[in-house]
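Note sheet for the following structure.
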Amino acid sequence: MPTVYLIRHAEPVSPATFDGGDMDRPLSDRGRKQAQWMAKHLNASGAREVRTSPYARCRETAEIIAQPMGLKAETDDQLHIAAVFMPEAGHGPRIYVAHSNNIPVALAEIGVECHACAHASCWKVELDAKGKVLSAEYIRPDA
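Shown next as structure tokens:
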């Protein structure tokens, strides 16, 4: 049964304290702790692929999650903050790291109502072979 994990990036530094563009904002100290918690939680997921938005906060979150699994986070422009993406089940568990505006849309596209999307949260969605949703669980980080 294919599983996809839709993760909102961990907490970035505040735009008020960052001297750079929004796309370049890195994670805060709390955000790195959140991503490390999610990495521990997902380490046994069996994920074979980690895809990430090109934004620095997403890439950093994805890299922290992918590292203990021995995976490399792959940048995917379809996960850009202004894009709509469709999660794919593929041939095994897949992790997507994106944004609070496009994760709810992706969930709606597959028939899951998104009631929350906090920093470093995760939607674990199990799909059948044809992409039909079998179950959906919201996981909030403990950091």
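Mapping to this note's numbering: the sequence shown position 60 is 663, numbers consecutive. Even for Gly, the Cβ is constructed at its ideal location relative to N, Cα and C.
| Asked | Found |
| --- | --- |
| Could you compute how far the alpha carbon of Asp625 sits from the alpha carbon of Leu730? | 34 angstroms |
| List, from N- to C-terminal side, the alpha helix (DSSP H) runs of 4 residues or more that fit wholly inside the region 655-711. | 659-669 |
| Under 8 angstroms: do the region 628-638 and the region 610-617 share three or more Cβ pairs, one atom per stretch? | yes |
| Need the endpoints of the beta strand (DSSP E) that Lys727 sits in, please. | 725-730 |
| Would you identify the three-state DSSP class for Ala613, choosing helix, strand or coil? | coil |
| Tell me whether His722 is buried or exposed, calling it buried when 16 or more other Cβ atoms sit within 10 Å of its Cβ. | buried |
| Relative to the C-alpha of Glu586, which candidate in His702, Ala732, Arg697, Glu691 has its C-alpha closest? | Given a span of 604 to 746 for the chain in the structure shown, any question on residue 586 remains unanswerable. |
| Taking only the alpha-carbon atoms, compute the straight-line gap between Cys725 and Val653 and give it to the nearest angstrom. | 13 angstroms |
| Taking only three categories from DSSP, how would you classify Ala739? | strand |
| Out of curiosity, what's the CA-to-CA distance linking Lys655 and His702? | Rather than Lys, the amino acid found at residue 655 in this sequence is Thr. Between Thr655 and His702, the C-alpha separation is close to 10 angstroms. |
| I think Ala638 touches Ile668, with their Cβ atoms under 8 angstroms apart; what is that distance to the nearest whole Å? | 6 angstroms |
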